[in-house]
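Right, here's the structure in full:
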């Protein structure tokens with residue numbers, strides 16, 4: 003679920019309603035302003051677009067806990083070797099360190115420094131702001147410092163672990179003890195305005211090659227934001243053929259649908275239906291094709307009628323990228339939908355998470371059965387005790403979530419996949 007992540011949803015429906023599939027996706031907006039305040043601090047000379055380490059803050063009593071997710075891109079910065087290096091003791095927030103012997107922090111991790119500017123003569127003193135270090139849970143040190151050079155020029159430096167490779171995952175937790183938002187110069191909130199370039203597809207005839215019968219012969223797509231319809235398509239070659247072909251994601255059948263567009267952060271719903279009221283089994287997919295950026299696909303969900311046998315609701319997702327395993331929460335809801343005016347809901351949902359080889363990774367009937375504490379800690383516990391949830395850490399790959407009814411129960415259900423920071 004990183005760059006070029008693919009999110010797919012399948013709905014198999016015995017009664018085959020006109021709206022076969024409903025999906026929503028949510029963009030997670032990393033805390034851009036917080037990133038600058040904590041990671042770069044006053045060090046605005048290190049280009050924020052290139053030093054893209056993301057942190058999210060929450061206030062905990064007198065402390066501030068920063069939970070980070072992301073990587074620092076050193077593109078455009080220069081590895082710094084300079085003379086006259088100062089060697090004072092440092093008391094960084096949340097740790098201890100020493101600058102000069104380039105040994106810092108409780109784990110004594112060695113660090114390198116990068117800058118977007120450097121003069122030939124050595125520094126004479128620390129600049130305004132001094133040194134700011136973050137001691138991460140993984141033992142990595144991240145920080146900034148400035149030095150005043152001969153002539154009075156203040157140069158800023160970005161501190162990363164020794165041998166850090168640009169763009170690789172860095173760390174996931176850092177604590178600034180005894181510091182409030184105000185003392186850190188941070189305004190609480192979530193920031194970030196990066197848009198995502200996505201492809202949405204609605205398939206039907208293509209599914210026959212995978213042994214699916216009763217497919218939707220002529221799928222149509224409608225994409226909605228929170229207030230209105232923003233894009234529609236019946237046959238993918240009608241309006242955006244060149245743009246869709248350029249993505250390499252053109253549907254195999256001319257009767258199938260596709261939309262390519264750029265979306266700002268927000269919640270969106272794609273509705274797959276049959277042209278002229280036709281019915282059948284269909285597949286709706288969302289692909290992130292933008293690559294990188296400060297926004298990412300973090301939540302996908304599918305609503306449909308859960309039947310018996312093979313007539314279940316299926317959600318698929320693909321994780322990838324260089325950040326290691328991905329933490330997800332999978333939920334299967336039914337009774338909760340009543341409060342949104344949905345009738346005939348699935349009374350007792352069950353969810354099964356499977357890998358690309360068809361192996362069961364994990365399954366659940368009632369969310370409190372086995373992972374209650376873990377799920378509550380994510381803040382994503384289902385409202386009803388009969389609803390299902392799974393918290394799992396999965397390696398890169400393709401995964402399928404099957405929503406069914408306990409004991410062969412049927413009804414309208416919602417299956418969701420959340421990517422955790």
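Residue numbers (this note's numbering): 3 to 423.
No residue lacks a Cβ here, since even glycine has one placed at the ideal position from N, Cα and C.
Just the C-alpha distance for residue i and residue j, rounded to the nearest angstrom, thanks.
i	j	result
residue 330	residue 273	24 Å
residue 310	residue 161	57 Å
residue 342	residue 336	11 Å
residue 252	residue 375	43 Å
residue 200	residue 362	30 Å
residue 305	residue 167	42 Å
residue 236	residue 224	9 Å
residue 207	residue 218	7 Å
residue 365	residue 114	45 Å
residue 333	residue 240	37 Å
residue 275	residue 117	54 Å
residue 348	residue 290	31 Å
residue 344	residue 76	50 Å
residue 261	residue 245	9 Å
residue 317	residue 267	22 Å
residue 377	residue 278	43 Å
residue 250	residue 238	13 Å
residue 384	residue 326	27 Å
residue 390	residue 165	44 Å
residue 29	residue 269	Note that residue 29 scores a pLDDT of 34, beneath 50, so its modelled location is shaky and nothing firm can be said.
residue 319	residue 369	21 Å
residue 233	residue 163	46 Å
residue 258	residue 227	22 Å
residue 254	residue 367	37 Å
residue 371	residue 405	17 Å
residue 292	residue 328	19 Å
If we count the other Cβ atoms within 10 Å of its Cβ and call it buried at 16 or more, is residue i buried or exposed?
i	result
residue 393	buried
residue 350	buried
residue 410	exposed
residue 419	buried
residue 353	buried
residue 229	exposed
residue 287	buried
residue 256	exposed
residue 211	exposed
residue 248	exposed
residue 242	buried
residue 312	exposed
residue 373	buried
residue 80	exposed
residue 264	exposed
residue 386	buried
Kindly give me the distance between the Cβ atoms of residue i and residue j, rounded to whole angstroms, as I take these residues to be in contact under 8 Å.
i	j	result
residue 339	residue 416	6 Å
residue 204	residue 222	7 Å
residue 198	residue 300	Not really, about 11 Å apart at Cβ, beyond 8 Å.
residue 283	residue 216	6 Å
residue 202	residue 321	Contact flag wrong, Cβ pair sits at about 19 Å.
residue 314	residue 308	6 Å
residue 280	residue 220	6 Å
residue 346	residue 413	5 Å
residue 382	residue 285	Actually they are not in contact, since the Cβ atoms of residue 382 and residue 285 sit about 26 Å apart, beyond 8 Å.
Count the CB pairs spanning the region 395-414 and the region 352-362 that are closer than 8 Å, and state whether there are at least three. yes
Would you list, in sequence order, the uninterrupted beta strand (DSSP E) runs of no fewer than 3 residues that lie entirely inside the region 362-410? 362-366, 390-396, 399-407
What runs of the beta strand (DSSP E), each 3 residues or longer, lie entirely inside the region 260-320? Runs found: 269-276, 284-290, 298-308.
Output the residue ranges of the beta strand (DSSP E) runs that lie fully inside the region 191-234 and measure 3 residues or longer, sorted by chain position. 198-205, 221-226
Note down, one range per segment and in chain order, each beta strand (DSSP E) of at least 3 residues found wholly within the region 324-353. Those beta strand (DSSP E) runs which fall completely within the region 324-353 and span 3+ residues are 328-335.
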